[in-house]
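Everything on this sheet refers to the single structure shown next.
Residue numbers (this note's numbering): 497 to 1212.
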């Protein structure tokens, strides 16, 4: 009979006689004890070599992605305007604030320009530091100004090299997490190699450099590594305090650099909550982690001038609810199976109700509506009613917010990552379920199972946390493709840990009656080494070919547009157009915008929908009135949007506008019964005919194969 049980500290019978207990062989800091000097020297040598390998792989990853970026764009040879255009959509918007700080007469003037910004949204003054997560751009620009590097390094290179340098931190953090879980740096080496060979699915830093996630995810990986170490047993008080400080710093930096931090940490908090409910983590450490999440987020809230979206986040409401519920239910982990189950169900319901009540109360007090588009999107995505809401449909129709494509798994399987991950996930999940049941069953059942020594496996707190973490973030990735980078990088850690784990191989071999300690030790090292050899043999030539492939940035129409704007329009001119294009207009020309891609503001979302009427079926008088209400001087029309073919019918931008306006969509296909034909033709098509009803309000001043720029008349 095969049994699995949780290791109990202090038990001498937790392992077979010929397999020394890992707990016996560990110091409080996790290092292997040795009865002789040679063992200590070997331990020091192993840690030294492992550390050198980690740093080397991190630096090599940075050089690798930097080289790919250079080879793809010929970044060192193209013009400044082309470099800036390469920062597409919101990337260009974020980089523009770094550029603005660099070009300011002084640091104080640069900060004042961000706090009282009237160029990002016309006829409005907004606080950029409150609205957006751009403290990293502020810090980097100040660093560039005070360091004596201006003569040797251009501002743009200082910026992109910093992001590529963070990739080294990212890889090292993944390496260390896997090492901590498995006890061997071979696991970290395998995790890093998998991260690199699966680059398409683990990172997109080389072509979306300023994106917020590329700043935040390295700090998130550091936080996970610190939590993994914190959850180890037998930590000294000093070690525990230092680790808690590391968790707090990493949590704070992660929260400061990404606007979606609260949603990622909410999933993390759910993982802690699940494990604590089943008594698989030390409660005191879980409480500290809840407090760290809240305090880190509140500190960011203060730095962002008390951003209401942070105060109204579900994370703060959930964590506060858990702390309150634990105070009320002090005897949650006592009693038999049915008693524990009853208490657990009551606890979950109490936390859920408190979370909703607290969150509703905060949003009511603050009149908060900044994140309502996210919940509209989630309701529509998971089938809780169809919607005609423009913002929700805008997300639903984007591929990045759709389900994870099936071909992702075929790519991950080519490197054996997915196969190993499923293998490890299966055994760890089975162990977790059984141990959770035993923990709920009470002491009698546990004592009974302790007598059964045929096949025991440890599910330590750090491994249990990483198991639930990968399951929850896997669910997130499967439902939303854009979030796959949170899962695939941790997949590398989890799979490599399992492949180098004594416990996993011990359980596997005992299940097929082939277990011996020597065989386990041989497999633990030989299988990862063979996997590394396979990866090297299969993918090294492809990596070399990729590094030798040279391309060049080429977008002459956008370059021509930006040069025309800088040369032919006043510095105070206000431009309307698509969110993505206007981010580039701000970066390249410094002109004032009507709207932009940072969508976490209700007023901006309403404004964007109004501006986008240029692609709807509206009269020229209506469009002119709307544009002038936002102070627009010039409007840019894009053929790629007006005649869009990238999306299918019903998901083209013009279709979303037609549905929101109650109009029948263009082309063959069904329409909802209550949609009506519009009284007017599509504005972006009709304006090109130069009819009198249009030319009285709009004068074409620029045109190329992609863009049409019209100047608005200024009627009294």
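No residue lacks a Cβ here, since even glycine has one placed at the ideal position from N, Cα and C.
* Asked: From what residue to what residue does the beta strand (DSSP E) around residue 1112 run?
  -> It is not in any beta strand (DSSP E) - residue 1112 carries neither H nor E in the DSSP assignment.
* **Residue environment, residue 1099, which counts as buried when at least 16 other CB atoms sit within 10 Å** => exposed
* Under a Cβ-count criterion, where at least 16 other Cβ atoms within 10 Å of its own Cβ denotes burial, should residue 690 be classed as buried or exposed? -> buried
* To do: Please confirm if the stretch 678-695 is in contact with the stretch 894-914, defined as three or more CB-CB distances below 8 Å between the two stretches.
  => yes
* **Own chain, CB closer than 6 Å to residue 1192, minus 5 neighbours either side, in chain order** => none
* **Ranges of the beta strand (DSSP E) found wholly within the stretch 1099-1172, counting only runs of at least 3** => 1130-1134
* **Meets three-Cβ-pair contact criterion under 8 Å: the stretch 786-800 and the stretch 745-754** => yes
* **Candidates 723, 1066, 1033, 801, of which the one nearest residue 741 by Cα** => 723
* Taking residue 1209 as the reference, give the member of 1131, 1182, 1163 with the closest Cα. => 1131
* Whose C-alpha, out of 1072, 1092, 1183, 1057, is nearest the C-alpha of residue 1113? -> 1183
* Measure the C-alpha to C-alpha separation of residue 677 and residue 959 and round it to an integer number of angstroms. => 6 Å
* Bridge partner(s) assigned by DSSP for residue 622 -> 613
* Asked: Taking Cβ to Cβ, would you say residue 768 is nearer than 8 Å to residue 782?
  -> yes
* Would you check if there are 3 or more beta carbon pairs closer than 8 Å linking the stretch 1119-1133 to the stretch 1162-1176? => no
* Chain-order list of residues whose beta-carbon lies under 7 Å from that of residue 900 (same chain, five-residue window excluded) -> 973, 974, 977, 980
* Outcome for residue 800 when other beta-carbon atoms lying within 10 angstroms are tallied against a minimum of 16 -> buried
* Take residue 1175 and list the residues in its own chain whose beta-carbon comes closer than 7 Å to its own, dropping the five residues that flank it on each side. => none
* Asked: In terms of residues, what are the limits of the beta strand (DSSP E) holding residue 1196?
  -> 1194-1199
* **residue 1048 classed as buried or exposed, judged by whether at least 16 other C-beta atoms fall within 10 angstroms** => exposed
* Just curious, the beta strand (DSSP E) that residue 1003 is in, first and last residue? -> Residue 1003 -> not in any beta strand (DSSP E); alpha helix (DSSP H) instead, spanning 998-1007.
* For residue 1089, the three-state DSSP class (helix, strand or coil) -> strand
* Whether residue 1108 touches residue 1153 by CB criterion (8 Å) -> yes
* Residues in its own chain within less than 6 Å of residue 917 by CB, not counting five upstream and five downstream? -> 987, 991
* Asked: What is the residue span of the beta strand (DSSP E) that residue 1206 lies within?
  -> 1203-1208
* Asked: Which class does residue 746 belong to by DSSP, given the choice of helix, strand or coil?
  -> helix
* To do: Let me know the secondary structure DSSP gives residue 734 once reduced to three states.
  => helix
* Indicate whether residue 596 and residue 609 have their beta-carbon atoms separated by less than 8 Å. => yes
* To do: Using the Cα positions of residue 1081 and residue 1058, report the straight-line distance between them to the nearest angstrom.
  => 7 Å
* Presumed contact (8 Å Cβ cut-off) between residue 696 and residue 656, rounded CB distance -> Not confirmed; about 20 Å, so no contact.
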